[in-house]
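S.K.: Next up is a structure, given as structure tokens.
Protein chains in written order, with UniProt numbering: chain A, 1 to 538; chain B, 1 to 556.
Structural data, given as structure tokens:
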């Protein structure tokens, strides 16, 4: 359960909302119980009075109080239900925001290693489902459980005060196990079935993706049937576990309802005995059993929520791990170069992955301030790794990197689902609109946006989907150019940009970056702006 | 809307398939309903006997036993309902996965390759699972929401028809009520999922670009944007939700008011204040029973509205699955059955035509004979039909006209070696990767095959040899190494025919040499090799070069 602690702390940061929301649910439940119990009381009372009247006995019954009460409960139930749904939905959406913002903040300080280790899109889809699992924790689990316990306690106290203590104890002996059967028992019985489900799903997904990617090979070898059967078997296993968890949840729900109903029977039995002993009036006999029938509504919400608890815990554990990934690969504050004239110094740097042969070994390299350096290497020669090490995103296997503050254009173009302006301002938050237009001019993108109705506020869409690859690249380049860092590291700055535009941008960059140091990396000299010095990786 | 109708029909077909389990689920639900009615009747009877007739509690033990029995039956039926529902959903999902698999199988590798593997995997896994709620919850509840209230109505009418009319009026017509519930719920779900989708989108977008934000030190402002956006979405969503929730409030209102009206009517009837209708015959038993049944009358409807989003989810998912199943254009049977038996030593292509676009056939009445042991290079402009010819030889596609026999059999009937343009690796060890196509390969055969493609150096650096994982420490194989691994599969398998599509395209010079050598060894071993290529070294390896262009194939 400790996995949930940070998330529970987050949820309970809004105690006022939670209490009000819980109180509204409680009002809904009590109004429903009250409506039925009072109606039952009323019918019994009128039946008894009616018999007396029919026998010619003088009898009277105050009709206004119970009649008014019934009407009040009927309206209160509707109003409370509506208010509860609106209010609590608002709370859920607020919690949703809290959880995402907090998670984002934590991810942004956690190590980068885990993010790159896990496969991108798969990690993101897993992250989505894990966060979703936490969203409804309050409304599904916390509030119903707390209220079920509260209402049970209220009924027990009522039984004690109005009826007799023995009845209260008897009811407690039935209702407390019913509560446990609907909650803890469900969790314990489904825990191991659901805990591994997400991992199992991701394994099947990998297998299915491989099945499709290798469809040609598998068909040729006559193995599609066998391999598909493997995937089907795995998926079948997952579904079997789900079905088993569902069935167990169903049995627990059934059992807890049986116990609540037995409590009803018990209350009725004792009530009748008390009535016939003259301790309570006839209408009072039905009051408690009918109120107890109302408990079914609350208890029926619990098993399903507890069946998911195992999965929620697994989600929370994974998110916690994402957030607390070892920070040793943090972008450390880079040391300044030893030689004041140098913008960057690599000292005996070795870059390697695991036990593979190093991509680069004992590499010495220095760049003078103001120098433009081109680094050329074929794909797989370790260009991007070198760029990441120089930018401080990765640590070299050995050796040291020292440089002045740097801006880095990653090989992958990253644009956000936001406006053009917001995307550019990431590079330089206090840049003026005029500056933004100037840099857009430089990357030959101002014409593209000057005719858009929203101009700088044009929405770029997720991953910059409104733009072609080359256009998106130029926006990413413009963002780096806006940054005032004295050193720029550009990995394949012109991907997807045609030769003509490339040349004009390169010329513009010379002026714009006057006096700054630029290290650009690419697969061929023509992919880079003109350099004072070019080195080749092999 | 057409898609909706098609999706609904498909779902209908699936439910017909698993009818026994659905019926079992519904039957169990009906038993729950009946047991509830019996339980309530016995409880009302006990109250009547104990209070009005003054029967001592001890003499009511028969009624008490009956009530307990009804409660137990109700609990067992509830458990069984969950069990059948779970089993039904499981069978349906398994059936759907088999359907999709058969569709893939019929479409063949070429058609499959048109869609990203991630998308197909999502359909197979996630969309199929989205059917769960529909079959386990919504569909049975839909029937129960009609049957159980009907039974209750009959009981109430038999007790006091006026009270029955009150219930009936409060739910004027059950179908109308259900439509109301449905519309509200549908709207609500759309809104809810849209908002969550947008929120998640914003969140994921920021996470995806986290490195960029970190590089510019902009993570804090990004978190602020995220919060602001989320808050805006929340405000907009809440406006619509306030209206959407009204529909459930209406249901709640009707059921509460119905209970209140029934209770007051019964009370006044029992007092003898109502002189018309059946009110005079009311007793504490009938009055209390009607009251206890009133909430049960509305309960199935309430459950149905809770399960409504299951229907929306299933409709969305099935629309996409159906789309795939229908467009999963089967590769089709051969246009003409092979008339003449051909020699089992040759690959015979007789009068074969193929066109994606009728006006411009890719292959037009091509006839060709390839002898066993030939090394054939297919060359020609891209889009000229080299790959198509390979697909036909592989049986991945069927010709529009003519027929092909590979060593006396239809293409694809005998196993053969295939090396596509993109290399194919599975997560796992080197041995897993080679045994994927040849499950019985010995360790020695695997090592030899890897040796043939020049991967033994890489292998010897791994601690556990062929049993070490291919990807370690996040570092996989280079493109060339992956291609060579794919080629090694051909070596372990001992196929007679090997088809290769651009086997050296995009390779570094090291890998290129290894691939050339490996192909040379295969040729020397007497295998029949057919490859599409532009590569000069490969052309010289061939003993026959064919130019595939403008619908024809001729020796170059």
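Cβ coordinates follow ideal geometry from the N, Cα and C atoms, glycine included.
1) Quick one: measure Cβ to Cβ for residue 440/A and residue 446/A, integer angstroms, because I've assumed they're closer than 8 angstroms.
2) On the DSSP bridge list, what partners appear for residue 345/A?
3) In chain A, which residues lie less than 9 angstroms from residue 398/B when you measure between Cβ atoms?
4) Using the C-alpha atoms, what's the distance from residue 393/B back to residue 597/A?
5) Give the interface partners of residue 561/B over in chain A, defined as CB-CB distance under 9 angstroms, in chain order.
6) Between residue 274/B and chain A, is the shortest Cβ-Cβ distance under 8 angstroms, so that the two count as touching?
7) Check the DSSP bridge columns for residue 553/B and list the partner residues they point to.
8) Measuring CB atoms only, is the region 69-79 of chain B touching the region 9-18 of chain B, in the sense that at least three cross pairs come out at less than 8 angstroms?
9) Span of the alpha helix (DSSP H) holding residue 211/B?
10) Does residue 192/A have its Cβ less than 8 angstroms from a Cβ in chain B?
11) Per DSSP, which one or two residues make a beta bridge with residue 370/B?
12) Flag this pair as yes or no: are the beta carbons of residue 170/B and residue 135/B separated by less than 8 angstroms?
13) How is the beta strand (DSSP E) around residue 418/B delimited, first residue to last?
14) Is it buried or exposed for residue 310/B, if we count other Cβ within 10 angstroms and need 16 for buried?
15) Going by DSSP, which residues form a beta bridge with residue 530/B?
16) Strictly below 8 angstroms CB to CB, what residues from chain B border residue 397/A?
17) So, helix, strand or coil for residue 384/B, using DSSP?
18) Could you name the residues of the same chain whose beta carbon sits closer than 7 angstroms to that of residue 169/A, not counting the 5 residues immediately before and after it, in chain order?
19) How many angstroms separate the CA atom of residue 523/B from the CA atom of residue 468/B?
20) Tell me whether residue 535/B sits in a helix, a strand or coil according to DSSP, three-state version.
21) For a quick check, are the C-beta atoms of residue 133/B and residue 307/B less than 8 angstroms apart?
22) Sort 71/A, 429/A, 215/A by Cα distance to residue 425/B and report the nearest one.
23) Residue 55/A to residue 155/B, Cα distance in whole Å?
24) Less than 8 angstroms between the beta carbons of residue 348/A and residue 399/A, yes or no?
25) How big is the Cα-Cα spacing for residue 49/B and residue 262/B?
26) Name, in chain order, the residues that DSSP records as bridge partners for residue 357/B.
27) Any Cβ of chain B within less than 8 angstroms of the Cβ of residue 448/A?
28) Express the C-alpha separation of residue 84/B and residue 422/A in angstroms, rounding to a whole number.
29) For residue 372/A, report the span of its beta strand (DSSP E) as first-last.
30) Between which two residues does the beta strand (DSSP E) harbouring residue 406/B extend?
31) Give the secondary structure of residue 488/A by DSSP, where H, G and I count as helix, E and B as strand, and everything else as coil.
32) Please look up how many angstroms separate the CB atoms of residue 424/A and residue 505/A, rounded, as I've assumed it's under 8 angstroms.
33) For residue 410/A, go through chain B and note every residue whose CB falls closer than 8 angstroms to its CB, in chain order.
34) Report buried or exposed for residue 499/A, applying the criterion of at least 16 other Cβ atoms within 10 angstroms of its Cβ.
35) Could you name each continuous alpha helix (DSSP H) segment of 4 residues or more that falls completely within the region 14-65 of chain B, going from the start of the chain to the end?
36) Compute the beta-carbon to beta-carbon distance between residue 477/B and residue 485/B, rounded to the nearest angstrom, for a pair I have assumed lies under 8 angstroms.
M.R.: If we stick to the structure as given:
1) That belief holds up - the Cβ atoms of residue 440/A and residue 446/A are roughly 4 angstroms apart, short of 8 angstroms.
2) Its beta-bridge partners are 366/A, 402/A.
3) Simply none; closest approach about 14 angstroms.
4) Residue 597/A lies beyond the range of chain A shown here (1 to 538); nothing can be said about it.
5) Because chain B here runs from 1 to 556, residue 561/B falls outside it and cannot be looked at.
6) The beta-carbon of residue 274/B is placed no less than 8 angstroms from the nearest beta-carbon of chain A.
7) DSSP output for residue 553/B lists 548/B as bridge partner(s).
8) Not touching, per the Cβ criterion.
9) Note, residue 211/B: alpha helix (DSSP H), 210-215.
10) Judged by the 8 angstroms Cβ criterion, residue 192/A is not in contact with chain B.
11) Residue 370/B pairs with 347/B.
12) Contact annotation: residue 170/B and residue 135/B have beta-carbon atoms that are not nearer than 8 angstroms.
13) Run containing residue 418/B: 417-419, per the beta strand (DSSP E) assignment.
14) Buried, because 16 or more other Cβ atoms sit within 10 Å of the Cβ of residue 310/B.
15) Beta bridge pairing from DSSP links residue 530/B with 376/B, 499/B.
16) Residue 397/A does not reach chain B, its nearest Cβ partner there being about 11 angstroms away, counting only Cβ pairs nearer than 8 angstroms.
17) Secondary structure at residue 384/B: coil, using DSSP grouped into helix, strand and coil.
18) Excluding sequence neighbours, residue 169/A sits near nothing in its chain.
19) Computed Cα separation, rounded: 31 angstroms.
20) In the three-state reduction of the DSSP assignment, residue 535/B falls in the coil class, being assigned neither a helical nor a strand state.
21) Less than 8 angstroms separates the beta-carbon of residue 133/B from that of residue 307/B.
22) With distances taken between Cα atoms, residue 425/B lies closest to 215/A.
23) Here the C-alpha atom of residue 55/A lies approximately 29 angstroms from the C-alpha atom of residue 155/B.
24) Yes. Within cutoff.
25) Taking the straight line joining both Cα atoms gives about 22 angstroms.
26) DSSP output for residue 357/B lists 360/B as bridge partner(s).
27) It does not; no Cβ of chain B falls within 8 angstroms.
28) Answer to the nearest angstrom: the Cα atoms are 54 angstroms apart.
29) Segment 372-376, the beta strand (DSSP E) holding residue 372/A.
30) Taken as a continuous stretch (DSSP letters only), the beta strand (DSSP E) holding residue 406/B covers 401-406.
31) Strand, per DSSP.
32) In fact, because the Cβ distance is near 16 angstroms, the residues do not count as touching under 8 angstroms.
33) What residue 410/A touches in chain B, judged by beta-carbon distance under 8 angstroms, is 211, 212, 215, going in chain order.
34) Under this definition residue 499/A is an exposed residue.
35) Counting only runs of at least 4 residues, the region 14-65 of chain B fully encloses the following alpha helix (DSSP H) elements, listed from N- to C-terminal order: 19-47.
36) Approximately 7 angstroms separates the beta-carbon atoms of residue 477/B and residue 485/B; this is inside 8 angstroms, confirming the contact.
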